[in-house]
Amino acid sequence: IRGLTMEGRMTLCNMAIEAGARAGMVAVDDTTIDYVKGRPFAPKAEQWDAAVAYWRTLQ
Numbered sequence: 003i004r005g006l007t008m009e010g011r012m013t014l015c016n017m018a019i020e021a022g023a024r025a026g027m028v029a030v031d032d033t034t035i036d037y038v039k040g041r042p043f044a045p046k047a048e049q050w051d052a053a054v055a056y057w058r059t060l061q
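In terms of the working numbering, the sequence shown opens at residue 3 and continues consecutively.
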């Protein structure tokens with residue numbers, strides 16, 4: 003999974019739903035953080051560091 007692009011990860015999560023799961027989740031890593039950084043609704047300034055620290059706890 004670590005080798006997947008963000009698009010691949012989103013597809014994987016969508017397929018989990020199609021297979022009957024209630025949710026699909028891939029643990030946050032640098033690929034995820036790089037994807038979110040700079041997006042319109044991404045946390046800004048000091049909130050960014052707190053968000054990244056929390057996201058990294060999701061396993």
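Cβ atoms here follow ideal geometry from the backbone N, Cα and C, with glycine treated the same way.
As the structure is a computational prediction, the values presented were derived from the model and not from experiment.
Applying the 10 Å Cβ sphere with the 16-neighbour rule, what's the burial state of residue i?
i, result
"Arg24", "exposed"
Tell me the rounded alpha-carbon separation between residue i and residue j.
i, j, result
"Ala21", "Cys15", "10 Å"
"Leu60", "Met27", "9 Å"
"Ile19", "Arg11", "13 Å"
"Gln49", "Met17", "32 Å"
"Ile13", "Ile35", "Residue identity check: residue 13 is Thr in the sequence provided, not Ile. Spanning the two alpha carbons is a distance of roughly 18 Å."
"Asp32", "Glu9", "15 Å"
"Phe43", "Trp57", "15 Å"
"Ala55", "Val30", "10 Å"
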